[in-house]
Amino acid sequence: IYLPLGVVLVANFYTAFTKDTSLFATIFSLFGMMWWVFAVSWVFPLQSRFENTLWGTFKNSLLFPLGYFPRTLGMAVLNALPWALLIEPVYFSMGGPIWLFLYFALAAHLNLKLLGKPFDHFFAQAAVDEYNEKKQLEE
48 IYLPLGVVLV
58 ANFYTAFTKD
68 TSLFATIFSL
78 FGMMWWVFAV
88 SWVFPLQSRF
98 ENTLWGTFKN
108 SLLFPLGYFP
118 RTLGMAVLNA
128 LPWALLIEPV
138 YFSMGGPIWL
148 FLYFALAAHL
158 NLKLLGKPFD
168 HFFAQAAVDE
178 YNEKKQLEE
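Count along the sequence shown from 1, then add 47; that gives the number in the numbering used here.
If you want it as structure tokens, here you go:
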């Protein structure tokens, strides 16, 4: 779902900045692209941690960025950094080796740190529910 949407948004983003379009279309395109990056930053951690339907995961990946906006912004910057290197070949030649050898592990580690607090809330509640369920079974 996110890949075709991303292709459409990138095409729209490219068209908005290369053609003579209105300011509204350009802002709408930029906002759509940013929200796509925010949602993609959340969809894979949500999918790996929680059992949900496809549409439930899609909905949560669109809502979590609202609830945890500062963390989402940090995750989006981390996840979009390699793409920013591709804009200018000089930056890619300087940052490319670091990106290949260090970026993936470092970005995963920092994303995990940013996701800790939002997910801890859900796991703490699940542990309490599990404890109460065991206690009721013992009685």
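Glycine included, C-beta positions come from ideal geometry on N, C-alpha and C.
Keep in mind that this is a model prediction, so the values were computed, not measured.
Query, Result
"Sequence-distant residues of its chain with Cβ nearer than 6 Å to residue 73 (five each side left out)", "63"
"Run of the alpha helix (DSSP H) containing residue 74, from where it starts to where it stops", "70-96"
"Cβ-based neighbour list, residue 125, same chain, cut-off 7 Å, excluding 5 preceding and 5 following", "154, 157 and 158"
"For residue 160, three-class secondary structure by DSSP", "helix"
"N-terminal and C-terminal residue of the alpha helix (DSSP H) that residue 237 is part of", "Outside the modelled stretch of the chain, which goes from 48 to 186, sits residue 237, for which no answer is possible."
"Distance, residue 132 Cα to residue 192 Cα", "Because the chain in this structure spans residues 48 to 186, residue 192 falls outside the shown range and cannot be described."
"Residue 145, DSSP secondary structure in three states", "helix"
"Backbone secondary structure at residue 180 - three-state DSSP", "helix"
"Residues near residue 99 in its chain [Cβ-Cβ closer than 8 Å; skip 5 each side]", "93 and 107"
"Simplified DSSP state of residue 135, which is helix, strand or coil", "coil"
"For residue 67, the three-state DSSP class (helix, strand or coil)", "coil"
"Burial state of residue 141, where buried means 16 or more other Cβ atoms lie within 10 Å", "exposed"
"Buried/exposed call for residue 147, threshold 16 Cβ in 10 Å", "exposed"
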